[in-house]
Amino acid sequence: MSNVTVQSRVKPELKEKAEAVFSAVGLSTADAIRMFLQQSVNVGGLPFRPTAKQPNDETLEAMEELTQGGGKKFRSTKEFYKDLGI
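Start counting at 1 in the sequence shown, then tack on 5, and there's your number in the working numbering.
Shown next, in the form of structure tokens:
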């Protein structure tokens, strides 16, 4: 059985981060892609549930501050810029 080549364009930063993850578990990028494709076939769909990127700790703290009544709220960007002195 012969193989085919699959190509995809991704940002260099994404590739580097993904390679670090794969390497940490002993996989090459090609191995990880093969596993993804095989699992997609095995489960009849994506082998994971897609999720939105989550806010970082600093953003979560700011959101909590607002929830607790702290921070500043603005009705418009104009009002926000005025507060910043812009």
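For glycine and all other residues, C-beta sits at the position ideal for the given N, C-alpha and C.
Tell me whether residue i sits in a helix, a strand or coil according to DSSP, three-state version.
{"i": "ILE38", "result": "helix"}
{"i": "LYS20", "result": "helix"}
{"i": "PHE85", "result": "helix"}
{"i": "VAL26", "result": "helix"}
{"i": "SER45", "result": "helix"}
Determine the direct distance from the alpha carbon of residue j to that of residue i, and round the result to whole angstroms.
{"i": "ALA57", "j": "ARG39", "result": "24 angstroms"}
{"i": "GLN12", "j": "LYS78", "result": "47 angstroms"}
{"i": "ARG80", "j": "VAL30", "result": "48 angstroms"}
{"i": "GLY74", "j": "ILE91", "result": "25 angstroms"}
{"i": "ASN61", "j": "THR10", "result": "37 angstroms"}
{"i": "VAL48", "j": "VAL26", "result": "23 angstroms"}
Since residue i contacts residue j with CB under 8 angstroms, what's their CB separation in whole angstroms?
{"i": "GLU24", "j": "THR34", "result": "6 angstroms"}
{"i": "GLU70", "j": "GLY76", "result": "5 angstroms"}
For residue i, which of the options has the nearest alpha-carbon?
{"i": "ARG54", "options": "LEU65, PHE41, GLU63", "result": "PHE41"}
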